[in-house]
Amino acid sequence: MNAAEQATTPESATKIAAIVSLFNQHFPGSKANLYPWTNDADTQEWVDPDSIDLGFNLPAGNTLLQLRFHDQRLIGIEATCFGLFGNQRWRFSTVGDWICLGPTPPPSGFQAKFKDICQQLFYLFNGIEHP
Numbered sequence: 400m401n402a403a404e405q406a407t408t409p410e411s412a413t414k415i416a417a418i419v420s421l422f423n424q425h426f427p428g429s430k431a432n433l434y435p436w437t438n439d440a441d442t443q444e445w446v447d448p449d450s451i452d453l454g455f456n457l458p459a460g461n462t463l464l465q466l467r468f469h470d471q472r473l474i475g476i477e478a479t480c481f482g483l484f485g486n487q488r489w490r491f492s493t494v495g496d497w498i499c500l501g502p503t504p505p506p507s508g509f510q511a512k513f514k515d516i517c518q519q520l521f522y523l524f525n526g527i528e529h530p
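Counted the way the working numbering counts, the sequence shown spans residues 400 to 530.
Below, the structure written as structure tokens:
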């Protein structure tokens with residue numbers, strides 16, 4: 400679900416702002432989109448109400464970030480990066496090996512920063528480090 404629509408309490412709004420801040424710290428100049436999904440009926444049918452979804456314009460491309468929750472706990476993070484013409488460059492998931500897969504994976508330095516952000520997000524939402 401669009402991050403802006405999930406910011407229903409001061410606590411959730413603060414955590415969403417912290418997500419944006421983390422990306423700006425690691426990738427200065429990145430731009431966040433709190434409404435990555437359009438509001439048409441077809442798109443809304445596929446939206447997960449138990450996720451916080453954001454878009455980021457990062458050095459590696461336009462990236463959709465989806466934080467998945469169960470019982471108020473962050474259980475996984477998925478990201479998909481798209482190129483200028485909508486082609487998928489890479490995808491990443493914290494379920495499994497935490498690696499970027501796809502035809503154009505980002506450089507190792509980018510991947511290290513991205514994984515660090517994910518670790519910090521687990522700590523932000525769950526108060527513990529993710530294994």
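Even glycine gets a Cβ: it sits at the ideal position worked out from N, Cα and C. Since the structure is predicted, the reported quantities are computational estimates derived from the model, not experimental observations.
Cα-Cα separation, residue i to residue j
i, j, result
"proline 504", "leucine 457", "13 Å"
"asparagine 432", "glycine 485", "16 Å"
"alanine 406", "glutamine 510", "28 Å"
"aspartate 496", "lysine 514", "11 Å"
One or two residues paired with residue i in a DSSP bridge
i, result
"histidine 425", "For histidine 425, which the question treats as bridged, DSSP gives no partner whatsoever."
"serine 450", "Arg467"
"cysteine 480", "Thr462 and Trp489"
Reference residue i, options the options, closest by Cα
i, options, result
"phenylalanine 468", "Thr462, Asn461 and Ile476", "Ile476"
"arginine 472", "Asn401, Glu528, Glu404 and Pro409", "Glu528"
"serine 507", "Glu410, Val494, Phe521 and Ala459", "Ala459"
"glycine 501", "Ile516, Thr408, Phe481 and Gly526", "Phe481"
"asparagine 423", "Thr413, Phe455, Pro435 and Asn401", "Phe455"
"threonine 493", "Asp470, Phe521 and Gln487", "Phe521"
Within 9 Å, strictly: CB atoms of residue i and residue j
i, j, result
"phenylalanine 426", "leucine 466", "no"
"leucine 463", "alanine 478", "yes"
Supposed close pair residue i, residue j - CB separation, criterion 8 Å
i, j, result
"tyrosine 434", "asparagine 461", "Not quite, the Cβ-Cβ distance comes to about 14 Å (not below 8 Å), so this is no contact."
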